[in-house]
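Asker:
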Amino acid sequence: MVRCIVVDRTTVDLIRMNGFSKITVLGGGLLGGSIALAPVMAGRVCLWSRRAESTQAAQARGMVATSNLAEAVRQAELLILCVPVGSMAQLLQQSIAAGLPSTCLITDVGSVKRLPHQTLRPVLQQQGLRFVGSHPMAGGEKGGIDHARRDLFDGAACLLTNDEQQPDLVCQAVEHFWRELGCRTSWTSATEHDAIVARVSHFPHVLASVGAMIGLEKPEWGGFSGGGLRDTTRVAAGNPPMWAEILLENRDLVGELLQQARGEIETLSQLLQSQQTEALEAWLAEAKKRRDALLPRP
């Protein structure tokens, strides 16, 4: 990753390595709510949601929340876009019109990164704003502000992208923010990010959904299942509109993995049909080896 080393004095004065004074979170879902709930963020986060019921639910849980965008972005030092990727550019434009400071740093929590960099770039360049992409690999099958957790980010991986080639100070400030929340941070490009999450997040969701479609074709049989069916289909319980958007946004890379999966299924089918016990055991052993190598979450 190429980074600049020159940064304007105003931004240097704004970025404090002991944390941002005001952090504005746009979007009252699971991730946005969990940022606002984190103890280390106490007194620094203002959460905005367009929906009054989400704002009220956030306030009921002790968060500072508003449905007034101008109030939310006033004096913001870090703006976090916690909305669907397709809505980010428009919401950023609305935030600018509502008085977002030109010195405010911008980041997001989107599940893909090529698209945010592409769609936000014209707005960022026009206004002279600085953007670093973020993707905390945290969440759950149940979304919404009601399921926000104080410890959601503890030990979670967070992938950061700097395709806009922002200065080191900007990158360090955004990275420090996620580390404050308990994340393990890594830097990558937007293209590599999307390839990684296609394989370790998006494709597994597809597999879980396929497992639910086939394994629970007769729902009444689900009562006879052990833990395996529940474990392998858990994430299929995720929000369908959100996941449809994610899969479509990363459709080229997910599509390549579906082709690879067809090859593995065809190999398995041939091993079963030909009753090649040793080869079948070897195939299963290789799968076990890869699964065993998966490091537990800290």
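Note that the sequence shown ends on residue 297 in numbering that gives the first Met the number 0; no numbers are left out. Where a beta carbon is used, it is the ideal one built from N, C-alpha and C, also for glycine. The model shown is predicted, which means the values in this text are computed figures rather than measured ones.
#1: At which residues does the alpha helix (DSSP H) containing Thr231 begin and terminate?
#2: Please go through the region 180-260 and give each complete beta strand (DSSP E) segment of 3 or more residues, from N-terminal end onward.
#3: Check the DSSP bridge columns for Leu299 and list the partner residues they point to.
#4: Identify, in the order they occur along the chain, each residue of the same chain with its Cβ nearer than 6 Å to the Cβ of Leu279, setting aside the five sequence neighbours on each side.
#5: Using a Cβ-Cβ cut-off of 6 Å (strictly less than) and excluding sequence neighbours within five positions of Gly142, which residues of its own chain qualify?
#6: For Met212, count neighbouring Cβ atoms within 10 angstroms of its own Cβ and tell me buried if that reaches 16, exposed if not.
#7: According to the Cβ coordinates, are Glu174 and Leu158 closer than 8 Å?
#8: Please give me, in chain order, every unbroken run of the alpha helix (DSSP H) with length at least 4 that falls completely inside the region 49-76.
#9: Quick one: what does DSSP say Ala35 is sitting in, helix, strand or coil?
#10: What distance in whole Å lies between the Cβ atoms of Val72 and Thr23, which are believed to be in contact at a cut-off of 8 Å?
#11: Considering only the beta carbon of each residue, do Asn100 and Asp107 sit closer than 8 Å?
#12: Going by alpha carbons, who is nearest to Val111 out of Lys217, Arg289 and His192?
#13: Which of the three DSSP states, helix, strand or coil, is assigned to Pro100?
#14: Between the beta-carbon of Ala64 and the beta-carbon of Ala57, is there less than 8 Å?
#15: Going by DSSP, what residue range makes up the alpha helix (DSSP H) through His116?
#16: Since Trp47 sits in a beta bridge, which residues does DSSP pair it with?
#17: Contact check, Cys103 vs Leu77 under 8 Å by CB: the rounded distance?
#18: Pairs of beta-carbons, one from the region 174-183 and one from the region 88-97, closer than 8 Å: are there three or more?
#19: What residues in its chain sit with their C-beta under 7 Å from that of His201, if we drop five residues either side in the sequence?
#20: Over the uninterrupted beta strand (DSSP E) stretch that includes Pro135, give me the two end residues.
#21: Quick check on this structure: which residue in Ala59, Ala96, Ala41 and Ser86 has the alpha carbon closest to the alpha carbon of Asn67?
#22: Could you pull out every residue in the same chain whose Cβ sits closer than 8 Å to the Cβ of Val234, ignoring the five residues on either side in sequence?
#23: I'd like the list of long-range same chain contacts for Glu163, defined as Cβ closer than 8 Å, with 5 residues on each side in sequence excluded.
#24: When we look at the beta-carbon of Arg113 and count the other beta-carbons within 10 Å, is it buried (16 or more) or exposed?
Answerer: In this structure, then:
#1: Gly226 to Thr232
#2: 183-187
#3: Nothing can be reported for residue 299: it is not among the residues displayed for the chain, which extend from 0 to 297.
#4: So the qualifying residues of the chain are Leu270.
#5: Gly28, Leu29 and Asn238
#6: Result: exposed.
#7: no
#8: Within the region 49-76, the complete alpha helix (DSSP H) runs of at least 4 residues fall at 51-59 and 68-72.
#9: If DSSP states are grouped into helix, strand and coil, Ala35 belongs with the helices.
#10: With a Cβ gap of about 6 Å, Thr23 and Val72 count as contacting.
#11: It should be pointed out that residue 100 corresponds to Pro in this sequence rather than to Asn. No, the pair does not count as a contact, with Cβ atoms beyond the cut-off.
#12: His192
#13: coil
#14: Closer than 8 Å, so yes.
#15: Note, His116: alpha helix (DSSP H), Arg113 to Gln126.
#16: Leu25 and Thr65
#17: 7 Å
#18: These segments do not touch.
#19: Ile245, Leu246, Asn249 and Val253
#20: Gly132 to Pro135
#21: Ala96
#22: Glu140, Pro203, His204 and Ala207
#23: These residues qualify, in order along the chain: His116, Arg120, Leu123, Arg129, Phe130 and Val131.
#24: buried
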